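**Q** Chains as they are written, first to last, in this note's numbering: chain A, 32 to 256; chain B, 32 to 256.
Number of protein chains: 2
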Amino acid sequence: MSRSVLIIEDDPRIRRMLQMTLQREGLEVTEAGSGEEALEHLAEHTFDVILLDLMLPGKDGFEVCREIRKTSSTPVIMVTARSDSHDVVAGLEAGADDYVSKPFVVKELSARIRALARRTRAPEPRVRLTVGDLEVSPTEGTVTRGGEMLNLTRTEFRLLTELAAEPGRVLSREELLERVWGYDYFGDSRLVDVHVRRLRKKIEPDPANPTLVTTVRGMGYRVPG
Amino acid sequence: MSRSVLIIEDDPRIRRMLQMTLQREGLEVTEAGSGEEALEHLAEHTFDVILLDLMLPGKDGFEVCREIRKTSSTPVIMVTARSDSHDVVAGLEAGADDYVSKPFVVKELSARIRALARRTRAPEPRVRLTVGDLEVSPTEGTVTRGGEMLNLTRTEFRLLTELAAEPGRVLSREELLERVWGYDYFGDSRLVDVHVRRLRKKIEPDPANPTLVTTVRGMGYRVPG
DNA sequence: GCGCTGTGTGACAAGTTCGTGACCGGCGGA
DNA sequence: TCCGCCGGTCACGAACTTGTCACACAGCGC
Numbered sequence: 032m033s034r035s036v037l038i039i040e041d042d043p044r045i046r047r048m049l050q051m052t053l054q055r056e057g058l059e060v061t062e063a064g065s066g067e068e069a070l071e072h073l074a075e076h077t078f079d080v081i082l083l084d085l086m087l088p089g090k091d092g093f094e095v096c097r098e099i100r101k102t103s104s105t106p107v108i109m110v111t112a113r114s115d116s117h118d119v120v121a122g123l124e125a126g127a128d129d130y131v132s133k134p135f136v137v138k139e140l141s142a143r144i145r146a147l148a149r150r151t152r153a154p155e156p157r158v159r160l161t162v163g164d165l166e167v168s169p170t171e172g173t174v175t176r177g178g179e180m181l182n183l184t185r186t187e188f189r190l191l192t193e194l195a196a197e198p199g200r201v202l203s204r205e206e207l208l209e210r211v212w213g214y215d216y217f218g219d220s221r222l223v224d225v226h227v228r229r230l231r232k233k234i235e236p237d238p239a240n241p242t243l244v245t246t247v248r249g250m251g252y253r254v255p256g
Numbered sequence: 032m033s034r035s036v037l038i039i040e041d042d043p044r045i046r047r048m049l050q051m052t053l054q055r056e057g058l059e060v061t062e063a064g065s066g067e068e069a070l071e072h073l074a075e076h077t078f079d080v081i082l083l084d085l086m087l088p089g090k091d092g093f094e095v096c097r098e099i100r101k102t103s104s105t106p107v108i109m110v111t112a113r114s115d116s117h118d119v120v121a122g123l124e125a126g127a128d129d130y131v132s133k134p135f136v137v138k139e140l141s142a143r144i145r146a147l148a149r150r151t152r153a154p155e156p157r158v159r160l161t162v163g164d165l166e167v168s169p170t171e172g173t174v175t176r177g178g179e180m181l182n183l184t185r186t187e188f189r190l191l192t193e194l195a196a197e198p199g200r201v202l203s204r205e206e207l208l209e210r211v212w213g214y215d216y217f218g219d220s221r222l223v224d225v226h227v228r229r230l231r232k233k234i235e236p237d238p239a240n241p242t243l244v245t246t247v248r249g250m251g252y253r254v255p256g
């Protein structure tokens, strides 16, 4: 799963280095050269983690951190020049969640970002969806019928989850593409058909006469409410 | 092996700083903001070491220490503001095992915790997990089948424990990496595969057709619920 | 019936994921 | 010191997934 990171760092060289290396690690990176710019970004998007350099011109990192905390609970990783315990305590007081001291190992940094993103992400409630006689558990990643686990692929599973989350509602191919494949997927929408078929093959008692995932001609698919 | 520490400290800043730095030293940290809260934690878990700040609101550290001693023999490290010999003597009298004065060096603190934990490791409550016909005892570090003990390595054991702790749930490689290897591990996630294989070789009746630790392709591993 | 559009079906190639054996370095015990 | 165990890495092949295609088929308006 891709995590989004906001980097707040005034030195453009370091910023670019971070941007490239973290991107290579599979993270979505947004850059800000100042606290003001950062707050603008935060007004528009939410991020999984914020990476904040202490040494900023104008407002210093602590102040930026406090301002961020006023409007957002996004976890903040402070980047300190040296691991000065005074800075650390001040950073924590300002609302930071973790800190890293320069020079840092990129791998370590990205691991921390991931860990923090995972840890502070709202604990997923244990949801149980039902589709006919199927039990779908999004958090456990399982689909069972009568206690027996069905072997779905990741795509099939997501497809079923999206449909099951809104029973009765017809989801268009475009909607499903966006939800299952992501908004940056530009392929054929027939792709959905193929996966619906594969899904049916596994979950429908009679795949030729589907009852769990039904077709609404000209509209899309749905699971009966 | 990881040691568990209970921090009793009213200042949230210092508490968080301690929590994070000690965690980074590989210690499992639980926090308590007051003596009452600490006693609640102690009723539920056992810890290897208790880190107790003298300057607590309400009951002072000495009193908390005496109360702890009524029910538990877990070693206590007192944290004093200054190395006042009067405080030290009173602390030892109250049942503390060691003392550290502020400001302390984190490395030193973690070294003392380790030393004390090693010296007086308390017998932990027994927890039993089962995986198929296996009995897993996380506290004793043993896995048995029909009374016969299996010879797992530390890594294999922890891997099995993490999976067994949440039967039915699929744990991703990333999750397993974080839980077994720690979130500061930056290696290949294929490492998990290799250890799963080694684990299977030892616990599965037929390692080629695993039933105790099963693969969920594209997701991770699980032990059937 | 006819044509059009939308959907189901089987096949296929490329890519991904996973299991496996092998290797190497570090560490501790004999 | 040597030896064996353990943990981490690698390369390879098998199995599986996935996106795409061509074609068949069904519904619908005419």
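All residues carry an ideal CB built from backbone N, CA and C; glycine is no exception.
Keep in mind that this is a model prediction, so the values were computed, not measured.
1) What residues are listed by DSSP as bridge partners for B/A74?
2) Residues of chain A with CB under 9 Å from B/L201, in chain order?
3) If you measure from the beta carbon of A/R185 to each beta carbon in chain B, is any gap under 8 Å?
4) Would B/L202 pass as a contact of B/L191 if the rule is Cβ separation under 8 Å?
5) So, for A/S220: in the same chain, excluding its five sequence neighbours on each side, which residues have a beta-carbon less than 7 Å away from its beta-carbon?
6) What did DSSP end up calling B/M51 once you bin it into helix, strand or coil?
7) Could I get the ranges of all uninterrupted alpha helix (DSSP H) runs contained in the region 170-239 of chain B, with 4 residues as the minimum, in chain order?
8) Use the C-beta contact count for A/E71: other C-beta atoms within 10 angstroms, 16 or more gives buried, fewer gives exposed.
9) To the nearest angstrom, how far is the alpha carbon of A/K232 from that of A/P238?
10) In terms of residue numbering, what span does the alpha helix (DSSP H) encompassing A/E98 cover?
11) What did DSSP end up calling A/E68 once you bin it into helix, strand or coil?
12) To the nearest angstrom, report how far apart A/M51 and A/R229 are at their CA atoms.
13) Quick one: grab the DSSP three-state call for A/A125.
14) Under the three-state reduction of DSSP, which class applies to A/L140: helix, strand or coil?
15) Quick one: which chain B residues come within Cβ less than 8 Å of A/D129?
16) Helix, strand or coil for A/R145, going by three-state DSSP, please let me know.
17) Return the residue from the list B/L49, B/V162, B/D79 that minimises the CA-CA distance to B/E193.
18) A/A195 and A/V254 - do their beta-carbons sit closer together than 8 Å?
19) For A/R46, name the three-state secondary structure that DSSP assigns.
20) Using only alpha-carbon positions, find the residue among A/G126, A/S103, A/T170 that is nearest to A/D79.
21) Would you kindly work out how many angstroms separate the C-alpha atoms of A/E197 and A/E166, rounded to a whole number?
22) Nearest by alpha-carbon distance to B/G213: which of B/E59, B/I81, B/L37 is it?
23) Taking B/G251 as part of the beta strand (DSSP E), name the residues at either end of that continuous run.
24) Taking just the CA atoms, how far does B/R210 sit from B/A74?
25) Would B/G64 count as contacting chain A if we go by Cβ distances under 8 Å?
26) Under the assumption that A/A125 contacts A/R34 (Cβ atoms under 8 Å), give the Cβ distance between them as a whole number of angstroms.
27) Measure the CB-CB distance between A/G66 and A/I45 and report whether it falls below 8 Å.
28) Quick one: grab the DSSP three-state call for B/M109.
29) What is the residue span of the beta strand (DSSP E) that B/L243 lies within?
30) Using a Cβ-Cβ cutoff of 8 Å, what residues of the region 234-249 of chain B are near chain A? List them in chain order.
**A** So, from the listed chains and residues:
1) DSSP, once it has assigned bridges, lists no residue as partnering B/A74.
2) Correcting the residue identity first, residue 201 of chain B is Val in this sequence and not Leu. The answer, in chain order, is E171, G172, T173.
3) Taking Cβ atoms only, chain B reaches closer than 8 Å to A/R185, which makes this a yes.
4) no
5) R204, E205, L208
6) helix
7) Whole alpha helix (DSSP H) segments, 4+ residues: 185-196, 204-207, 221-234.
8) exposed
9) 5 Å
10) 92-102
11) helix
12) If you take the alpha carbons of A/M51 and A/R229, they lie about 38 Å apart.
13) In the structure shown, A/A125 sits in coil (DSSP, three-state: anything other than H, G, I, E or B).
14) Three-state DSSP puts A/L140 in a helix.
15) Within chain B, M51 have C-beta atoms less than 8 Å from the C-beta of A/D129, given in sequence order.
16) helix
17) It is B/V162 whose Cα lies nearest to the Cα of B/E193.
18) Yes, these two residues count as a Cβ contact at 8 Å.
19) helix
20) A/S103
21) 15 Å
22) B/E59
23) 251-253
24) 25 Å
25) no
26) In fact, because the Cβ distance is near 23 Å, the residues do not count as touching under 8 Å.
27) no
28) strand
29) That residue, B/L243, is in no beta strand (DSSP E); it is neither H nor E in DSSP.
30) V247, R248, G249
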